[in-house]
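Quick note on numbering: the sequence shown equals residues -22 to -1, 1 to 445 in mature numbering (1 follows the signal peptide of the UniProt record, and there is no 0). Working notes, structure below.
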Amino acid sequence: MMKSYLSILFLFYLMNAKGVNSEPPDILRLHIQSDIRMRFATTQITSLVANNNNYSQEVTFNVNLPEEAFISSFKMVIDDVEYPGEVKEKEQAKKAYEKAKRKGQSAGHVAKKPRDTNKFKININVAALRNVTFEVRYQELLRRKLGLYEHSIYVNPGQPVEDVKIQVYIEESKEIRILRVPPLRSTDPTFTDATPESTTNPDATISRPSIKTAEITYVPSDIGTLDGIFEIKYDIDRRKQFNGDILAVNGYFVHFFAPADLEPIPKDILFILDTSGSMTGRKIAQVIQAMIFIMHDLVEGDRFNIMDFDDQIIFWKPTLQPWNPENVKDSLKWVRQRRASGGTNINRALLDGLELMSTISNITSEGRSPVIVFLTDGAASSGVTRSTDILRNVAEANEKTIPVFSLSFGADADFTLLQKISLQNYAVARRIYEASDSAIQLKNFYNEISAALMTDVKFKYFGNKSM
């Protein structure tokens, strides 16, 4: 079920009243509960909204979800009667919502905002003199990033709410060795927070019923308008678990593997940068700025190269070059000379990049980590343009199983294609939003993938074992 094309619709008949312009209804209560079991989180948001007017009116309620979360249930409760959400295609749901709203019925419509993939907006037409309780439940698998599992809860009701509470319960299979609850983080991605990493949220209460469990309760001392991200970061005891952590439930199992105390492996990295005509202006300037950051983050022992592509392909050097101050200076001079023009030949860029990386002999035996970082802001417009053909060609060319990380820059990039490219080539894709902090977004993504600890990892599971 694809989240990107789904909306959730509520329809129920209460009264015929025409909506009029007025102050928005009051949010009387906002309670959020998260239950984290073995790194899988189920979060429920419950909000009580009151319409004290003698006419129906619409209220916009923003529910912000982590990017990889999915809604598992959504309902409204009016006069002790539950009205569950019905999942419909986006356009179908929107039409039904508009029809219900014109009749003065209570209706809700959830639509995904085009820029922020983790924001869902709920438009609710609330009937006159009614209190409405909204209940949204979503689930997500927590990802370990830079050594810690992160759980983020977005708190932005848009108005002061007297009754706000967040409760999080964590139960793990191993001892919870690290647990951090920092102060609310700003939702503005360009805001730089100088608060030390070890600072604890003063309004959060932390209790540890056992070494494997934790309970966190957050009640803000200031009932003013909240707008921030409540975060919990933790990790478990990884000593004495070289083979990882295997959890089995109802005949299914999940294997978590994150070995400790390993030194990073030297990298062989190729940056493939889109310089087609659509990259003109701020985009290409931000890519150049990001490359300046990244080049200075490479270390001795790493090797690198850079490709510039539009409808033509240009390499900085014929093959990978060792990292040293002279090569960094020369590569950055070359990057600063790039100019945006031409079409977007994604197929050829990836095939030529894989060909260069495949010429490196004995990659695995050298103990090196090969990586391709591919950045584009558009769809394929030159050469091979059909997504199925591009995917097949890249899969056939990648005989050495080189990870291809894709960066989708701006709203016009074909993110669906980039996701498929990365998934079938042992990596992930990430959106880079076109904003003042784009260079920082690029740098942060590189930080996540830059410290490879192992390559060519294989697991062997033996059958007929009781779990």
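Even for Gly, the Cβ is constructed at its ideal location relative to N, Cα and C. Fair warning: this is a prediction, and the values are worked out from it, not measured in the lab.
Would you tell me roughly how many angstroms separate the C-alpha atoms of Ser347 and Tyr424, rounded to the nearest one? 14 Å
Assigned exposure category for Ala389 - 16 Cβ within 10 Å defines buried: exposed
If you reduce the DSSP assignment to three classes, tell me which class Gln290 lands in. coil
The beta strand (DSSP E) enclosing Pro174, as first and last residue numbers: Careful: Pro174 lies outside any beta strand (DSSP E) and carries neither H nor E.
Is it buried or exposed for Ser176, if we count other Cβ within 10 angstroms and need 16 for buried? exposed
What are the residues that DSSP puts in a beta bridge with Thr24? His9, Glu113
Do Ile5 and Val139 have their beta-carbon atoms positioned less than 7 Å apart in this structure? yes
Whole-angstrom distance between Phe18 and Ser25, CA atom to CA atom: 23 Å
Whole-angstrom distance between Phe208 and Lys143, CA atom to CA atom: 11 Å
Can you find the residues in the same chain that come closer than 6 Å, C-beta to C-beta, to Pro381, ignoring five residues on each side of it along the sequence? Val349, Tyr404, Ala405
Spell out the partners DSSP gives Gly206 in its beta bridges. Val133
Under the three-state DSSP convention, the category Gly345 falls into: coil
Does DSSP put Thr394 in a helix, a strand or coil? helix
List the residues that DSSP assigns as beta-bridge partners of Gln35. Val104
Burial state of Gly259 (16 or more Cβ within 10 Å): exposed
Quick one: give me the first and last residue of the alpha helix (DSSP H) that Thr366 is part of. 365 to 375
First and last residue of the uninterrupted alpha helix (DSSP H) at Ile154: Not the alpha helix (DSSP H): Ile154 falls in the beta strand (DSSP E), residues 154 to 158.
Using DSSP bridges, identify the partner residues of Ile56. Val59
Check whether the region 244 to 258 and the region 197 to 215 touch, using three or more Cβ-Cβ pairs below 8 Å as the test. no
What distance in whole Å lies between the Cβ atoms of Thr21 and Tyr116, which are believed to be in contact at a cut-off of 8 Å? 6 Å
Is there contact here, the region 142 to 159 with the region 53 to 63, by at least three beta-carbon pairs under 8 Å? no
Can you check DSSP and say which residues form a bridge with Ala407? Ser384
Buried or exposed (CB count within 10 angstroms, at least 16 for buried), Leu385: buried
So, is Tyr439 buried or exposed, given that buried needs 16 or more other C-beta atoms within 10 angstroms? exposed
What is the residue span of the beta strand (DSSP E) that Arg217 lies within? Counting along the chain, Arg217 falls outside any beta strand (DSSP E), and DSSP gives it neither H nor E.
Please classify Phe423: does DSSP put it in a helix, a strand, or coil? helix
What three-state label does DSSP hand Arg15 in the structure shown? strand
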